Structures are given as C-alpha cells and as structure tokens.
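Chemist: Shown below is the structure under consideration.
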Amino acid sequence: MKSTQYSDKVLDHFRNPRNAGTLEGDDVTVGKIGNPVCGDLMEFYIKIKDDKIEDIKFKTFGCGSAIATASMITELAKGKTVDEALRITRQDVADELDGLPPIKMHCSNLAADALREAIKNYREKQKPESDEAVRVDATGRITGKEEFAERGVYTEVTDLSVFKDKRTMVIESGDRSMEIALQLTKQTPRVVFVTRKKELAAGELTEKLTASSVKILYESEVLEIKGLKTVEKVLIHDLNEDEEYELYVDSIVILKD
Ligand code: FES
Numbered sequence: 001m002k003s004t005q006y007s008d009k010v011l012d013h014f015r016n017p018r019n020a021g022t023l024e025g026d027d028v029t030v031g032k033i034g035n036p037v038c039g040d041l042m043e044f045y046i047k048i049k050d051d052k053i054e055d056i057k058f059k060t061f062g063c064g065s066a067i068a069t070a071s072m073i074t075e076l077a078k079g080k081t082v083d084e085a086l087r088i089t090r091q092d093v094a095d096e097l098d099g100l101p102p103i104k105m106h107c108s109n110l111a112a113d114a115l116r117e118a119i120k121n122y123r124e125k126q127k128p129e130s131d132e133a134v135r136v137d138a139t140g141r142i143t144g145k146e147e148f149a150e151r152g153v154y155t156e157v158t159d160l161s162v163f164k165d166k167r168t169m170v171i172e173s174g175d176r177s178m179e180i181a182l183q184l185t186k187q188t189p190r191v192v193f194v195t196r197k198k199e200l201a202a203g204e205l206t207e208k209l210t211a212s213s214v215k216i217l218y219e220s221e222v223l224e225i226k227g228l229k230t231v232e233k234v235l236i237h238d239l240n241e242d243e244e245y246e247l248y249v250d251s252i253v254i255l256k257d
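Position 159 of the sequence shown, counting from 1, maps to 159 under my numbering, and the rest follow consecutively.
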C-alpha cells in the first residue's frame with residue numbers, strides 16, 4: 001500500500017491539518033514561495049507580537065506531504081521568537097513527522113521556506129522605507145523581458161512542443177493568452193496564468209480556463225524575471241496583499257500587444 005511510505009504522524013497532519021487557513025489584519029505578514037521541483041505554491045501568514053509568533057496559518061496548493069509539513073511547522077513555530085522560528089530547519093520538520101519518503105523531501109522545503117519568507121517580509125516591513133531599485137519601468141514592462149528573450153521568454157507562440165513538461169507562466173493579455181494557457185495544458189501539467197484582474201470577464205474561455213489544470217494568480221503582476229543563463233524564476237507582486245514573492249518557472253509567455 002502506498003500510504004505505508006508515510007509515517008502515522010504525516011498521515012495525521014495531512015488528514016487533520018493544524019492551523020490551515022489565512023489570517024487577516026494590518027499586523028499580518030504573508031510569505032509565499034513556489035516549489036522549484038513541482039511548481040506548487042505555499043503561503044504562510046504570521047502575526048508577531050513582542051517578537052514572538054503569536055498566530056500562524058498556512059494555505060497551500062501542494063501535495064499531502066506539503067500539507068503535513070506545513071501543519072507541523074506551524075505547531076513548531078507558534079509561540080517561538082522570530083529568531084527561534086528562523087532556526088527551524090527542513091530536517092527538523094521531517095524529523096518531527098518521523099520522516100518523509102526521500103522523494104518528498106522537496107515538499108518539506110516549501111513550508112520551511114515560506115515561513116522564512118514571511119519572517120523576511122515582516123522584518124522588511126519594520127525597516128524604514130528604502131529607495132529600493134525600481135523593477136518595473138514607467139511603461140510597466142517587466143524587468144528582464146529583453147534580457148531573457150529566446151532564453152525562456154516567448155513573445156509569440158508557434159510551436160507548443162517547446163513547452164513540453166516545462167513550468168510555464170502565461171501573462172494575461174486578452175483572449176489569445178487564455179487560449180495559449182489552455183493549449184499548453186496538453187504539453188505540461190504546470191501552467192500558471194497571471195492576471196492583474198480580480199476576476200476574468202465571464203465567457204466560454206474563462207469557464208474553460210477555470211475548469212482546467214491552469215493555476216490562475218489573480219491580482220498579481222510579474223515585476224522581474226530572474227535566472228543565470230535561462231529563466232529560472234519570476235518575482236511576483238501580489239496586488240491584493242501588497243506582497244512580493246518568487247515563483248520558479250522555466251518559461252514565460254508575454255505576448256506582444
Ligand atoms: Fe508539490 Fe509536494 S509535490 S509540494
């Protein structure tokens with residue numbers, strides 16, 4: 001039986017996740033992270049009082065192991081100081097769960113990294129405003145779009161097979177972008193559709209897209225494309241939460257206007 005690969009603790013946290021959900025309020029900080037291996041997403045919400053994690057919740061689009069590790073890490077972190085929470089390692093989480101199948105260790109990274117990201121964002125918020133480099137120029141273009149042209153950035157799509165099994169992001173720019181996102185689901189299971197809108201205009205395409213395996217990130221914009229030789233990740237701005245986070249992708253479709 002497949003489930004025997006998982007410890008009783010993993011199964012328990014998967015079936016009865018602790019601290020699942022979100023937190024709201026001005027004193028809440030969010031940390032989001034994408035899994036470079038599978039492309040799944042994890043969000044951590046923390047409320048810090050007197051340097052201690054007073055409340056913590058998580059939301060994930062990840063697998064059972066991601067749910068179990070996130071659940072466990074919220075239990076480990078709650079009540080700890082920020083520094084103590086930062087010292088919780090991926091291995092600590094796996095150990096507390098009486099181990100994870102090796103193939104699933106990347107899922108435990110997701111929870112630990114999202115917690116760190118939330119703490120990093122919290123600390124950033126505490127700092128006085130800095131004149132951080134502007135990453136979107138006046139015309140709203142994405143930084144890195146030209147730099148990565150033909151190295152993972154596509155401004156037109158002719159041959160869908162180049163996206164085979166690639167984690168692909170499509171930036172919303174009307175019906176054609178939606179059609180491409182849908183067509184890409186035949187090439188790869190990891191398609192993320194990014195739109196600045198709160199919801200997509202009702203219609204057949206929207207219905208198909210929301211019913212498909214495409215992950216839609218609403219109220220989001222890509223600020224920057226990063227990587228060494230080719231596209232490796234993008235910096236996303238969550239317009240609703242006013243938070244930034246990174247998502248690992250192999251290719252990104254930004255159609256010409
Ligand atoms: Fe994606 Fe586990 S397979 S988080």
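Glycine included, C-beta positions come from ideal geometry on N, C-alpha and C.
Since this is a predicted model, take the numbers as computed values, not measurements.
So the candidates are K215, G79, T81 and D113; which of them puts its Cα closest to the Cα of Q91?
Modeler: D113
Chemist: Per DSSP, what kind of secondary structure is L228 in: helix, strand or coil?
Modeler: coil
Chemist: In whole angstroms, what is the alpha-carbon distance linking L217 and V192?
Modeler: 7 Å
Chemist: For T185, which of helix, strand or coil comes out of DSSP?
Modeler: Under the three-state reduction of DSSP, T185 is assigned to coil, being neither helix nor strand.
Chemist: Should G62 be labelled buried (16 or more other beta-carbon atoms within 10 Å of its own) or exposed?
Modeler: It is buried - the Cβ of G62 has at least 16 other Cβ atoms within 10 Å.
Chemist: Under the DSSP definition of a beta bridge, which residues are partnered with K57?
Modeler: Within the DSSP secondary-structure output, K57 pairs in a beta bridge with Y45.
Chemist: Let's see if you can read the secondary structure: which residues bound the alpha helix (DSSP H) around V93?
Modeler: R90 to E96
Chemist: With distances taken between CB atoms, is the gap from L255 to E156 smaller than 8 Å?
Modeler: yes
Chemist: Identify whether T206 lies in helix, strand or coil by the three-state DSSP scheme.
Modeler: Helix.
Chemist: Inspect the CB distances between the stretch 23-30 and the stretch 71-78 and report whether three or more fall short of 8 Å.
Modeler: no
Chemist: Comparing alpha-carbon positions, which option in T168, T29 and I67 lies nearest K49?
Modeler: T29
Chemist: Alpha carbon to alpha carbon, what distance is there between P189 and D165?
Modeler: 7 Å
Chemist: Anyone know if the C-beta pair for K9 and L97 falls short of 8 Å?
Modeler: With contacts defined by Cβ atoms closer than 8 Å, K9 and L97 form a contacting pair.
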